[in-house]
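All residue numbers for the sequence shown refer to this note's numbering, where the first residue is 217 and numbers rise by one.
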Amino acid sequence: MSKRVAIFISGGGSNMLKLLESMTGDHPARPCVVLSNDPMARGLELAEARGVPTEVVRHEPFKGDRVAFEHAISGAIAPHAPDIICLAGFMRKLTESFVDPWRGRMLNIHPSLLPKYRGLNTHARALAAGDPVHGCTVHQVTPQLDDGPILGQAQVPVLAEDTADSLAARVLAQEHLLYPAVLRRFAAGDHRPILLR
Ligand code: GAR
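Below, the structure is given as structure tokens:
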């Protein structure tokens with residue numbers, strides 16, 4: 217039976233779209249819901265246009281009470297009965313109380329070659345460090361931010377003329393290849409890491 221995948225977003229949803237588009241044919245998973253903390257997230261429209269149910273749980277009303285926010289998320293996704301959660305540009309930190317029950321069943325994509333550059337502004341930090349190679353990582357989610365077993369990485373050469381924006385665009389293009397490839401494997405029970413160069 218297909219695995220049911222919930223995708224969490226906060227914005228544009230380009231990774232989400234690539235994941236949705238990949239889950240057809242003999243893929244071992246199907247999307248069951250797209251959830252956003254931002255009702256204006258463009259990704260919501262993209263999901264709805266493809267017939268995928270959407271849920272919005274705004275974080276502001278919870279005024280920093282992360283656990284209460286996460287309870288609301290759990291309530292919103294429960295009717296869709298996901299087996300796997302994919303964080304795809306979901307820009308809220310999740311606490312242990314949400315992450316622990318999903319351990320081994322929740323993935324994230326991060327725009328750096330972890331363990332380098334956890335957190336934000338990864339492209340500017342790679343440029344400032346003079347790294348010759350940058351990239352992105354898909355990993356299992358643990359309570360530590362941008363940590364957890366690595367399921368795949370894609371490398372991108374850093375060019376002399378790169379700005380943070382040009383580098384981000386090239387990394388994003390690799391994210392769009394890496395995340396679907398990892399999800400396909402992961403949903404089939406294969407946790408061997410993928411390396412794209
Ligand atoms: C992607 O680059 C993703 O790696 C990053 O946000 C972007 C979302 O773009 N995620 C993080 O920084 C999480 N730490 P998208 O909405 O177009 O997929």
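The beta-carbon is built from N, C-alpha and C at its ideal position, and this holds for glycine as well.
- Message: Here's a check: name, in chain order, each residue in its chain whose Cβ is nearer than 8 Å to the Cβ of ALA297, leaving out the five neighbours to either side.
- Response: ARG220 and CYS248
Taking Cβ positions, are GLU377 and CYS352 nearer each other than 8 Å?
It is not a contact, given that the beta carbons lie outside the stated cut-off.
beta-carbon GLU237 near the ligand GAR non-hydrogen atom, thresh 7 Å: No.
- Boundaries (first-last residue) of the alpha helix (DSSP H) holding ALA392: The sequence given here has His at residue 392, not Ala. Where HIS392 is concerned, the enclosing alpha helix (DSSP H) stretches over 380–403.
Extent of the continuous alpha helix (DSSP H) run through LEU343
338–344
At a cut-off of 7 Å, is GLY368 close to the ligand GAR when judged by its beta-carbon and the heavy atoms of the ligand? no
| task | Ignore the nearest five residues each way along the sequence and tell me which others in HIS339's own chain have a CB closer than 6 Å to its CB. | result | ALA380, LEU383 and ALA384
Q) Excluding five sequence neighbours on each side, which residues of the same chain lie with their C-beta closer than 8 Å to the C-beta of GLU264? A) THR270
>> Under 8 Å, with one C-beta from each stretch per pair, do the segment 273–283 and the segment 324–331 reach the 3-pair mark?
In response: no
Are the CB atoms of ARG258 and GLY228 within a distance shorter than 8 Å? yes
Under DSSP, the alpha helix (DSSP H) around HIS287 begins and ends at which residues? 282–293
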